[in-house]
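**Student:**
Chains as they are written, first to last, in this note's numbering: chain A, 41 to 151; chain B, 4 to 116.
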């Protein structure tokens, strides 16, 4: 089955800096890669996703890149703000299959 | 996106008892899932709730411990049976409206004493 590795497990940045979280997947058939943000005590929220027919997708300060050859995808957050502090989870799936999640990255943005 | 609600939002239970968690969606969805999230951990899929048939369980989870119902396209229940302290966790309902996009409910925080 699919295996998703996520790095780093924790990431501390200063407000205004950029943050990058990386994930690798094992199943070359995977074609859908969402990212979730989970604030303390809250539900995971879908913040951006990418499908394997594109290499990059942006939404304001957030972008995701996908390298199908290397089987890795990354979340980029620019101009970080304290409210970006949360745990971020990557995931991968193929078609109607279930999502396989990474172990999460705790992002701390210091003012 | 679909609006998902769960009841109860939290509960404290005695070992040996059972708790049924309800998940209600405001629109029909193709797929419903139940996840468990232990403190500081990732999301672990318990099972896929199938409408009109038995749920599909992941490795390590069995129907006798986690019976699931899905009587229609907007509602599902998860029962945690014969609870022990190891069952203390957050239980999350999740739904898909189309092929891939998946959303989570607010979760049920369970503490077993």
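Don't be surprised by glycine CBs; every beta carbon is placed ideally from N, CA and C.
Treat the numbers as computed from the prediction; the structure is a model and nothing was measured.
1. Where does residue 124 (chain A) fall in DSSP's three states?
2. Determine the burial state of residue 23 (chain B): buried for a count of at least 16 other Cβ atoms within 10 Å of its Cβ, exposed for fewer.
3. Note down, one range per segment and in chain order, each beta strand (DSSP E) of at least 3 residues found wholly within the region 61-104 of chain B.
4. Note down, in chain order, each residue of its chain lying with its Cβ closer than 8 Å to the Cβ of residue 91 (chain A), except the 5 sequence neighbours on either side.
5. Since residue 48 (chain A) sits in a beta bridge, which residues does DSSP pair it with?
6. Taking only three categories from DSSP, how would you classify residue 107 (chain A)?
7. Against residue 86 (chain A), what residues of chain B qualify as contacts under a CB-to-CB distance less than 9 Å, listed in chain order?
8. Please name the residue or residues paired with residue 98 (chain A) in a DSSP beta bridge.
9. Report the rounded CA-to-CA distance for residue 27 (chain B) versus residue 117 (chain A), giving the unit in angstroms.
10. Compute the distance between the beta-carbons of residue 51 (chain B) and residue 99 (chain B), then report whether it is under 7 Å.
11. Could you spell out the range, first to last residue, of the beta strand (DSSP E) harbouring residue 118 (chain A)?
12. Assign residue 151 (chain A) to one of three DSSP states: helix, strand, or coil.
13. Applying the criterion that 16 or more other CB atoms from any shown protein chain within 10 Å of the CB defines a buried residue, is residue 81 (chain A) buried or exposed?
**Tutor:** Taking the definition as stated:
1. What you label residue 124 (chain A) is simply residue 84 of the first chain in a count that begins at 1. The answer is helix: DSSP assigns residue 124 (chain A) an H, G or I state.
2. Within the second chain, numbered from 1, the residue matching residue 23 (chain B) stands at position 20. Residue 23 (chain B) should be labelled exposed.
3. List check, beta strand (DSSP E) in window: 71-75, 78-83 and 92-99.
4. If you number the first chain from 1, residue 91 (chain A) lands on position 51. Cβ neighbours of residue 91 (chain A) within its own chain (closer than 8 Å, five residues either side excluded): 71, 72 and 73.
5. Within the first chain, residue 48 (chain A) is the residue found at index 8, counting from 1. BP columns for residue 48 (chain A) are empty, so no partner.
6. For the purposes of this step, residue 107 (chain A) is taken as the residue at position 67 of the first chain. Reduced to three states, the DSSP call for residue 107 (chain A) is strand.
7. Sequence index remark: in the first chain, residue 86 (chain A) carries index 46 (1-based). The answer, in chain order, is 4, 104, 105, 106 and 107.
8. Position 58 of the first chain holds residue 98 (chain A). Under DSSP, residue 98 (chain A) takes part in a beta bridge, and its partners are A:103.
9. In the second chain, counting from the first residue as 1, residue 27 (chain B) sits at position 24. In the first chain, counting from the first residue as 1, residue 117 (chain A) sits at position 77. Residue 117 (chain A) has its alpha-carbon roughly 33 Å from the corresponding atom of residue 27 (chain B).
10. Within the second chain, the letter at position 48 stands for residue 51 (chain B). Within the second chain, the letter at position 96 stands for residue 99 (chain B). The answer is no: Cβ separation not under 7 Å.
11. Here residue 118 (chain A) is taken as the residue at index 78 of the first chain, counted from 1. Neither: residue 118 (chain A) is in no beta strand (DSSP E) and is coded neither H nor E.
12. Start at 1 with the first residue of the first chain, and residue 151 (chain A) comes out as number 111. Reduced to three states, the DSSP call for residue 151 (chain A) is coil.
13. Counted from its first residue, the first chain places residue 81 (chain A) at position 41. In this structure residue 81 (chain A) is exposed. Its beta-carbon is surrounded by fewer than 16 other beta-carbon atoms within 10 angstroms.
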